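If you're matching positions, the sequence shown starts at 1 in UniProt numbering and goes up one per residue. Glycine included, C-beta positions come from ideal geometry on N, C-alpha and C. Just so you know, these numbers come straight off a predicted model, no measurement behind them. For reference, the structure is listed below as structure tokens.
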Amino acid sequence: MLAAVGGQLRSGAQTIKKIVLPAAADKAKPLPTGLEGTVPGISPLRTPTDKFYRVDTNLTVPKVDVDTWTLEIDGMVEKPFTMTFAELSEMPLIERDITMTCVSNEVGGGYIGAARWLGVRLTDVLDRAGITGSPDQVLSTAVDGFTISTPLAVVRDGRDAMIAIGMNGAQLTDTHGFPARLITPGLYGFVGATKWLTKLTLTTYAAEQSYWTKRQWATDAPIKTSARIDTPEPLSTIKAGMTAIGGVAWAQHRGVGKVEVKIDDGDWQETKLGPDVNIDYWRQWYLPWDAKPGLHRIAVRAVDRQGRAQITERATPFPSGSSGIQEVVVTVA
Ligand SMILES: Nc1nc2c(c(=O)[nH]1)N[C@H]1C(S)=C(S)[C@@H](COP(=O)(O)O)O[C@H]1N2
Ligand SMILES: [Mo]
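And the structure:
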């Protein structure tokens, strides 16, 4: 059941309108060449949009009419206002490479993706409204009434929190929040990545709670440092001889410093890291391995750039994200 906030859903529509996106005033550097050309089986440095994970509460994907869509800014602001998509896209656009992660991602899981986002700085939009009083959260509302709370202090600490209108060089797809969504580097999606965004309310956590906050999930939810083994695949059988163990590691907004691998009961060995895109992006890694016949256990762990190792104690996703070390078992024949 979709409870539209502003009559912006294209009722019964199967497609979303094709739009032309303006260029970014502040472009991202060209993406370096990733390790995917040399390490078979490793995640590509940029996740193609059609392979990007999707997580939301929607049974049917909202198809938003961009021509009637509006973004409303209200709450603890001097000048509440409403803007159209054209007005939003006329604001200075930034382009950033950012890796998103879902809080429900299990250790070694696939609810993570890295993309190039085009959008307007969230602080530019909030400054236009002028914050008054002492709000501590940005409560964002989607066209279907779904809400997300983002800590205002995080939004204002200089990171590239944005209202994104583009992903990987194209308009957002319907599944990823067309025509506009939030992206908050360093925070799990459920506290900073509202899709099908239509309203931003400056308020306090004491006054208003969002969907997941009411269900006792964490309010401030930084993404935990973690690493994943992409190759060899868990429980696979591989050929004996020279191969590579490889995957991705992430420590958004702190940066990955080091990734180590342990084979069976051996020592932790430092892996080679792929290109450094920025501290909000994941890092590919690999370790050449002369695989000998038999059953082997491979474990991985990451350390951020401040030298803090990932949490090795196992935790389930609720309430602030999973932790623990991934270990895979493979057969070498
Ligand atoms: N409107 C809306 N936005 C949402 C959600 C949702 O259920 N509804 N889920 C959030 C969660 S939990 C995550 S992890 C990200 C996922 O974004 P993606 O589907 O584009 O990968 O969107 C966030 N934004
Ligand atoms: Mo999520």
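- A114 carries a strand assignment under DSSP once its states are collapsed to helix, strand and coil.
- In the DSSP assignment, W212 falls outside any beta strand (DSSP E) and lies within the alpha helix (DSSP H) extending over Y211 to K214.
- Look at T198: its beta carbon is at least 7 Å from all of the heavy atoms in ligand 1.
- Within the model, the alpha-carbon separation for E72 versus M167 is close to 22 Å.
- Taking 7 Å as the cut-off, one finds no heavy atom of ligand 1 near enough to the beta carbon of Y205.
- Contact annotation: the stretch 237-246 touches the stretch 281-299, with at least three C-beta pairs closer than 8 Å.
- The C-alpha of Q171 is placed about 17 Å away from the C-alpha of T198.
- Distance from the CA atom of G294 to the CA atom of K239, rounded to whole angstroms, is 10 Å.
- Annotated three-state conformation of E327 is strand, per DSSP.
- In the DSSP assignment, R297 falls within the beta strand (DSSP E) that extends over G294 to D304.
- Straight through space, the alpha carbons of T70 and V328 are spaced by roughly 47 Å.
- If you check the CB distance, T101 and W250 come in under 8 Å.
- The stretch 251-270 makes no contact with the stretch 204-221; the number of CB pairs closer than 8 Å stays below 3.
- Annotated as proximal: D280 and P185, with beta-carbon spacing under 8 Å.
- Checking the DSSP bridge columns, you'll see T243 partnered with W289.
- Sequence-distant partners of G119 (beyond 5 residues in either direction) whose C-beta falls short of 6 Å from its own C-beta, in its chain, are M162, I163, A164 and I165.
- A straight line joining the alpha-carbon of T173 with that of V191 spans about 21 Å.
- When the Cα atoms are used, L139 and T204 turn out to be separated by approximately 9 Å.
- Selection around ligand 2 by beta-carbon proximity, strictly under 7 Å to any non-hydrogen atom, yields V55, C102, V103, S104, Y111, Y188, G189 and F190 in chain order.
- When DSSP states are grouped into helix, strand and coil, K18 belongs to the coil group.
- The three-state reading of DSSP puts R283 in strand, counting E and B together.
- For L45, DSSP assigns no beta-bridge partner whatsoever.
- According to the DSSP assignment, D127 belongs to the alpha helix (DSSP H) that extends over L122 to A129.
- Boundaries of the alpha helix (DSSP H) around L152: L152 to V155.
- Here P135 is buried. Its C-beta has 16 or more other C-beta atoms within 10 Å.
- The criterion of a C-beta distance shorter than 8 Å is satisfied by D97 and A28.
- It is roughly 13 Å from the alpha-carbon of D50 to the alpha-carbon of G177.
- In this structure, Q326 lies near A299, with their beta-carbon atoms less than 8 Å apart.
- Taking C-beta atoms as the reference points, G307 and G257 count as a pair closer than 8 Å.
- Linking R314 to R54 through their CA atoms gives a straight-line distance of about 25 Å.
- In this structure, E78 keeps its C-beta atom at 8 Å or more from the C-beta atom of A153.
- With a contact defined as Cβ atoms closer than 8 Å, D157 and I94 miss out at about 16 Å.
- If you check the CB distance, E260 and R301 come in under 8 Å.
- Remark: the C-beta of F146 is in contact range of ligand 1, defined as less than 7 Å to any heavy atom.
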